[in-house]
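Asker: Next up is a structure, given as structure tokens.
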Amino acid sequence: MDKLTLNRFSISMPGELARQLDAMSKARGFANRSQAVADMVRNQLIEHHGQMGNREIVGTVTLVYDHHRRNIQKLLTDIQHDHQELIIATLHVHLDHRSCMEVLAVRGRAGVVKRVANRLIAVKGVKHGKLTITETGQESTK
Ligand code: NI
């Protein structure tokens, strides 16, 4: 089947859940229930693929840290150089006198991306860190 051909099927759910689905679809600007459900399925698939260690994913790692903290920039840079095949772009923002935000665009196998993201986030002095996974677009059905 062509991946853009619509596949129609029916879903049963409690009335109250359906009512809340309609309210949320409307609030979020979806044209209908089907669009809202398809969006949820896509999000769940991205999450599911992120759990599969060998699957290629893309995403961003956001790090906020205190650049006065001894050695932190060297540590973060060393980890990034160890995995330069994974990191496709970086953005550095000086947030204020002390704080920096770094956003790394990453692409690679889910398991490796997560391991490197966790290493970066665990560096002492990183105040907040988060990996956000999105899709490569190759399997997009929208
Ligand atoms: Ni900075």
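Numbering (the numbering used here), first residue to last: 13 to 154.
Virtual Cβ for every residue (Gly too), placed ideally from N, Cα, C.
Please read all numbers here as calculations on a predicted model, not as lab measurements.
Find out if the Cβ-Cβ distance for the pair L116, Q92 is shorter than 9 Å.
Answerer: Yes.
Asker: Based on Cα-Cα distance, which residue from S22, G27 and R121 lies nearest to L98?
Answerer: When each option's Cα is compared against that of L98, the closest is R121.
Asker: Rounding to the nearest angstrom, what Cα-Cα distance links Y77 and K15 in this structure?
Answerer: Answer to the nearest angstrom: the Cα atoms are 43 Å apart.
Asker: Give me, in chain order, the residues of the same chain whose beta-carbon lies closer than 7 Å to that of K142; leave out the 5 immediate sequence neighbours on both sides.
Answerer: Excluding positions up to five away in sequence, the list reads T74.
Asker: Terminal residues of the continuous alpha helix (DSSP H) containing A48?
Answerer: Counting along the chain, the alpha helix (DSSP H) containing A48 begins and ends at R45 to Q63.
Asker: What is the rounded straight-line gap between the Cα of R2 and the Cα of A134?
Answerer: Any question about residue 2 goes unanswered here, given that the chain covers just 13 to 154.
Asker: Using DSSP with H/G/I as helix, E/B as strand and the rest coil, what is M36?
Answerer: The answer is helix: DSSP assigns M36 an H, G or I state.
Asker: What's the call for L88, buried or exposed, on a 16-neighbour Cβ count within 10 Å?
Answerer: Classification for L88: buried.
Asker: Check the DSSP bridge columns for T72 and list the partner residues they point to.
Answerer: BP columns for T72 point to A117 and T144.
Asker: V105: beta carbon under 8 Å from a heavy atom of the ligand NI?
Answerer: Yes - the ligand NI has a heavy atom lying nearer than 8 Å to the Cβ of V105.
Asker: Hey, how far is the Cα of K38 from the Cα of Q150?
Answerer: One C-alpha to the other measures close to 29 Å.
Asker: In the DSSP assignment, what residue or residues form a beta bridge with L103?
Answerer: Note: L103 sits in a beta bridge opposite V115.
Asker: Just checking my contact of I23 with I145 at CB under 8 Å: how many whole Å lie between their CB atoms?
Answerer: So it is not a contact: roughly 26 Å between Cβ atoms.
Asker: Just the Cα atoms here: how many angstroms apart are G21 and F42?
Answerer: It should be pointed out that residue 21 corresponds to Phe in this sequence rather than to Gly. Distance between the alpha carbons of F21 and F42 is about 19 Å.
Asker: Excluding sequence positions up to five away, which residues of its chain have a Cβ less than 7 Å from the Cβ of G71?
Answerer: Within the same chain, G71 has close Cβ partners V118, V125, L143, T144, I145 and T146.
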